[in-house]
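Enquirer: Just add 30 to wherever you are in the sequence shown, counting from 1, and you've got our numbering. Pasting in a structure now, in structure tokens, and then I'll have a few things to ask.
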Amino acid sequence: MRQKSDVFMIFKKFMSLVEKQSGCFIKTLRSDRGKEYTSKEFHNFCEDEGVERQLTVRYTPQQNGVSERKNQTIVEMAKSMMHEKGLPKIFWAEAVYTAVYLSNRCPTTAIPNKTPFEAWSGRRPSVNHLKVFGSICYSQIPKEKRSKLDESSERCIFVGYSTMSKGFRLFNLQQGQVIISRDVQVDENALWNWEENKVEKKDILISTDKDDEIEPSTPDSRSSQPNDESSTDATSSNSSSPSTTPKRYRSLDDIYATCNYCSIEPENFDEAIKEESWKKAMEEEVPKRVLCYVQGTTDLGLSFLKNHALNLVGYRDSDLGGSLDDMKSTSGYCFSFGSAIFSWLSKKQQSVAQSSAEAEYISASVATSQAIWLRRILADLGHHQIEGTVLYCDNKSTIAMAKNPVHHSRTRHIALKHHFIR
Numbered sequence: 031m032r033q034k035s036d037v038f039m040i041f042k043k044f045m046s047l048v049e050k051q052s053g054c055f056i057k058t059l060r061s062d063r064g065k066e067y068t069s070k071e072f073h074n075f076c077e078d079e080g081v082e083r084q085l086t087v088r089y090t091p092q093q094n095g096v097s098e099r100k101n102q103t104i105v106e107m108a109k110s111m112m113h114e115k116g117l118p119k120i121f122w123a124e125a126v127y128t129a130v131y132l133s134n135r136c137p138t139t140a141i142p143n144k145t146p147f148e149a150w151s152g153r154r155p156s157v158n159h160l161k162v163f164g165s166i167c168y169s170q171i172p173k174e175k176r177s178k179l180d181e182s183s184e185r186c187i188f189v190g191y192s193t194m195s196k197g198f199r200l201f202n203l204q205q206g207q208v209i210i211s212r213d214v215q216v217d218e219n220a221l222w223n224w225e226e227n228k229v230e231k232k233d234i235l236i237s238t239d240k241d242d243e244i245e246p247s248t249p250d251s252r253s254s255q256p257n258d259e260s261s262t263d264a265t266s267s268n269s270s271s272p273s274t275t276p277k278r279y280r281s282l283d284d285i286y287a288t289c290n291y292c293s294i295e296p297e298n299f300d301e302a303i304k305e306e307s308w309k310k311a312m313e314e315e316v317p318k319r320v321l322c323y324v325q326g327t328t329d330l331g332l333s334f335l336k337n338h339a340l341n342l343v344g345y346r347d348s349d350l351g352g353s354l355d356d357m358k359s360t361s362g363y364c365f366s367f368g369s370a371i372f373s374w375l376s377k378k379q380q381s382v383a384q385s386s387a388e389a390e391y392i393s394a395s396v397a398t399s400q401a402i403w404l405r406r407i408l409a410d411l412g413h414h415q416i417e418g419t420v421l422y423c424d425n426k427s428t429i430a431m432a433k434n435p436v437h438h439s440r441t442r443h444i445a446l447k448h449h450f451i452r
């Protein structure tokens with residue numbers, strides 16, 4: 031928009047676009063009392079389209095706080111990007127255009143867990159193509175527009191993203207106008223010295239209108255080849271020499287490497303453990319996960335009553351052929367220490383029991399192994415179990431088999447490891 035009088039035509043285009051793209055209709059328009067919003071044609075158009083008007087009181091921008099604050103945010107973003115690369119003020123339109131593009135792809139508290147782009151289009155935006163605004167870049171010249179001995183690229187300034195083409199908006203330093211290019215190499219650490227390498231303002235064409243975007247053309251004999259921006263050459267002309275100012279910042283890749291951060295995610299665990307950076311990252315992440323879990327479960331715990339002795343007591347049980355697929359039985363046990371149960375298990379047995387006594391016997395051997403291990407753990411913690419641990423069983427045949435060391439025809443097929451409870 032070059033003049034405020036263009037607001038009416040731009041609003042008509044905007045209204046037509048959003049209504050067709052979203053399927054919704056604009057019902058209310060809130061604005062200040064600028065002449066561009068209070069014109070007769072604007073008022074008549076809103077009446078014909080059924081759009082309700084809400085005008086703020088004079089000198090009261092607080093009544094339109096959302097728009098005012100967003101304008102301030104966009105301007106601050108544009109100003110920061112221009113100052114970072116030392117761009118002249120003639121690039122303010124491109125900076126604002128890029129700031130809006132980036133803002134739509136950034137998280138916002140107004141839309142939980144979504145970016146404005148995702149809320150509008152229904153798909154997550156990609157950030158792989160984002161570049162640093164104002165960086166020196168090199169646009170490839172198509173083979174059809176150059177000979178074998180001509181330069182293969184031309185130096186430009188990165189000024190944004192094209193919305194109509196899958197390409198980047200570049201300011202051609204020789205032509206003094208914005209071009210669209212797809213094959214671009216960006217040097218994000220380099221700065222262009224606008225004081226020593228001046229471009230005549232009358233030759234500069236800066237526009238965000240889509241009709242003004244042009245394709246890169248063939249450069250003349252003065253076009254420069256990509257080289258190291260930090261080096262100097264006495265034979266080079268001022269029109270193609272970049273700034274030799276020392277770096278004041280580092281590349282993001284260097285910062286990522288220092289922080290053990292990898293920008294490429296491995297496909298599986300086997301690929302991740304091959305890299306030392308991923309190993310260190312996982313080692314640092316595990317304690318954080320544990321602390322987060324502990325912080326979220328501070329209200330959970332075990333209650334130990336004073337009137338209960340701190341004795342280890344076990345309970346166990348088993349079914350017979352509970353699994354209809356393989357007819358295997360399921361063993362279960364739990365152990366209490368004082369007034370709280372702190373260890374339990376329910377697991378399918380590895381073999382098929384021929385009787386309920388055999389299933390209970392196998393379950394008892396598993397529970398006994400757990401009881402021995404728990405007694406040792408409690409001893410290490412200072413709670414020695416002087417007396418034997420009681421393991422409750424509801425099958426008399428199992429109790430008799432545990433007390434009788436004799437093997438008979440009904441028990442001799444049981445695996446030897448289960449007989450240690452005798």
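Cβ coordinates follow ideal geometry from the N, Cα and C atoms, glycine included.
Determine the DSSP secondary structure at L203, reduced to helix, strand or coil.
Expert: On the sequence shown, residue 203 is found 173 positions in, with the first residue counted as 1. DSSP places L203 in coil when its eight states are reduced to three.
Enquirer: Enumerate, from N- to C-terminal direction, the unbroken alpha helix (DSSP H) stretches of 4 or more residues contained entirely within the segment 381-425.
Expert: Here the runs fully enclosed are 386-410.
Enquirer: For C76, name the three-state secondary structure that DSSP assigns.
Expert: Translated into the one-based positions of the sequence shown, residue 76 becomes position 46. Note: C76 maps to helix in three-state DSSP.
Enquirer: Tell me the DSSP bridge mates of Q215?
Expert: As a first step, residue 215 must be located in the sequence shown, where it is residue number 185. DSSP lists Y168 as partners of Q215.
Enquirer: Of the choices T419, E71, N337, whose alpha-carbon is the least far from that of C364?
Expert: As a first step, residue 364 is located in the sequence shown; it is residue number 334 there, counting from the start. The shortest Cα separation from C364 among T419, E71, N337 belongs to T419.
Enquirer: Do Y323 and Y422 have their beta-carbon atoms positioned less than 8 Å apart in this structure?
Expert: The sequence position of residue 422 within the sequence shown is 392, counting from 1. The sequence position of residue 323 within the sequence shown is 293, counting from 1. Not in contact: Y422 and Y323 (Cβ atoms no closer than 8 Å).
Enquirer: When the Cα atoms are used, what is the spatial distance from I444 to I371?
Expert: Working through the sequence shown from its first residue, we reach residue 444 at position 414. Working through the sequence shown from its first residue, we reach residue 371 at position 341. Cα-Cα distance, rounded: 31 Å.
Enquirer: Find the nearest neighbour of S348 within the set K65, V87, S385, judged by alpha-carbon distance.
Expert: Counted from its first residue, the sequence shown places residue 348 at position 318. Checking every option, the nearest Cα to that of S348 belongs to S385.
Enquirer: Where does Q33 fall in DSSP's three states?
Expert: Along the sequence shown, read from residue 1 onward, the residue named residue 33 stands at position 3. Residue state, collapsed to three classes: coil.
Enquirer: Measuring only the C-alpha atoms, how far is W9 from I141?
Expert: Past the edges of the chain, shown from 31 to 452, lies residue 9, and the structure says nothing about it.
Enquirer: Taking 6 Å as the limit between beta carbons, can you name the residues of its chain near D213, skipping five residues before and five after?
Expert: The residue you call residue 213 lines up with position 183 of the sequence shown. Taken in chain order, the residues that qualify are Q170.
Enquirer: Enumerated in chain order, which unbroken segments of the beta strand (DSSP E) with a length of 3 residues or greater are wholly contained in the segment 109-191?
Expert: Qualifying beta strand (DSSP E) stretches, in chain order: 166-170, 183-191.
Enquirer: Classify Q205 as buried or exposed, calling it buried when 16 or more other Cβ atoms lie within 10 Å of its own Cβ.
Expert: Residue numbering aside, residue 205 sits at position 175 when the sequence shown is read from its first letter. Buried, since its Cβ has 16 or more Cβ neighbours within 10 Å.
Enquirer: On the three-state DSSP scale, how would you describe T428?
Expert: Counting from 1 along the sequence shown, the entry for residue 428 is found at position 398. The answer is helix: DSSP assigns T428 an H, G or I state.
Enquirer: Find the nearest neighbour of F450 within the set L342, K433, A387, judged by alpha-carbon distance.
Expert: Sequence index remark: in the sequence shown, residue 450 carries index 420 (1-based). Considering only alpha carbons, the answer is K433.
Enquirer: Of all the options H413, A430, S366, which has the alpha carbon lying nearest to the alpha carbon of Q400?
Expert: Numbered from 1 along the sequence shown, position 370 holds the residue referred to as residue 400. Measuring from the Cα of Q400, the nearest candidate turns out to be S366.
Enquirer: For C54, which of helix, strand or coil comes out of DSSP?
Expert: Position 24 of the sequence shown, counted from the first residue, corresponds to residue 54. C54 falls in the coil class under three-state DSSP.
Enquirer: If we count the other Cβ atoms within 10 Å of its Cβ and call it buried at 16 or more, is E124 buried or exposed?
Expert: Taking the first residue of the sequence shown as 1, we reach residue 124 at position 94. Buried, by the Cβ-count rule.
Enquirer: Over the uninterrupted alpha helix (DSSP H) stretch that includes R319, give me the two end residues.
Expert: Position 289 of the sequence shown holds residue 319. Here the alpha helix (DSSP H) through R319 covers 306-326.
Enquirer: Which of helix, strand or coil does DSSP assign to A445?
Expert: In the sequence shown, counting from the first residue as 1, residue 445 sits at position 415. The answer is coil: DSSP assigns A445 none of H, G, I, E or B.
Enquirer: Might you give, ordered along the chain, the residues of its own chain that have their beta carbon closer than 7 Å to the beta carbon of K378, omitting 5 neighbours on each side?
Expert: Position 348 of the sequence shown holds residue 378. Cβ neighbours of K378 beyond the five flanking positions: S353, K358, T360.
Enquirer: Along the beta strand (DSSP E) that carries F367, what are the first and last residues, could you check?
Expert: The sequence position of residue 367 within the sequence shown is 337, counting from 1. Run containing F367: 360-367, per the beta strand (DSSP E) assignment.
Enquirer: Which residues mark the beginning and the end of the beta strand (DSSP E) in which K66 is found?
Expert: The residue you call residue 66 lines up with position 36 of the sequence shown. Residue identity check: residue 66 is Glu in the sequence provided, not Lys. Looking at the DSSP string, E66 is not in any beta strand (DSSP E), and its letter there is neither H nor E.
Enquirer: Could you tell me whether the Cβ atoms of I166 and A220 are closer together than 8 Å?
Expert: Along the sequence shown, read from residue 1 onward, the residue named residue 166 stands at position 136. Along the sequence shown, read from residue 1 onward, the residue named residue 220 stands at position 190. Taking 8 Å as the Cβ cut-off, I166 and A220 qualify as a contacting pair.
Enquirer: Take V189 and list the residues in its own chain whose beta-carbon comes closer than 6 Å to its own, dropping the five residues that flank it on each side.
Expert: Indexing the sequence shown from 1 puts residue 189 at position 159. Excluding positions up to five away in sequence, the list reads E124, R199, F201.
Enquirer: Could you tell me if D217 is buried or exposed, where buried requires 16 or more neighbouring beta carbons within 10 angstroms of its beta carbon?
Expert: For the purposes of this step, residue 217 is taken as residue 187 along the sequence shown, with counting starting at 1. D217 comes out buried.
Enquirer: Pop quiz: W308 and P296 are said to be a contact at Cβ under 8 Å. What is the actual Cβ separation, rounded to whole angstroms?
Expert: Taking the sequence shown and counting its residues from 1, the one referred to as residue 308 is at position 278. Taking the sequence shown and counting its residues from 1, the one referred to as residue 296 is at position 266. Their Cβ separation, rounded to whole angstroms, is 7 Å, which keeps W308 and P296 in contact under 8 Å.
Enquirer: Ends of the alpha helix (DSSP H) at D300?
Expert: Residue 300 sits at position 270 when you count from the first residue of the sequence shown. 299-302 is the extent of the alpha helix (DSSP H) around D300.
Enquirer: Assuming contact is defined by CB atoms lying nearer than 8 Å, are L375 and G362 in contact in what I supplied?
Expert: Counting from 1 along the sequence shown, the entry for residue 375 is found at position 345. Counting from 1 along the sequence shown, the entry for residue 362 is found at position 332. In this structure, G362 lies closer than 8 Å to L375 by Cβ.
Enquirer: With distance defined between alpha-carbon atoms, name the residue in E98, A409, L132, M39 nearest to S69.
Expert: On the sequence shown, residue 69 is found 39 positions in, with the first residue counted as 1. If we check each option's Cα against that of S69, M39 comes out closest.
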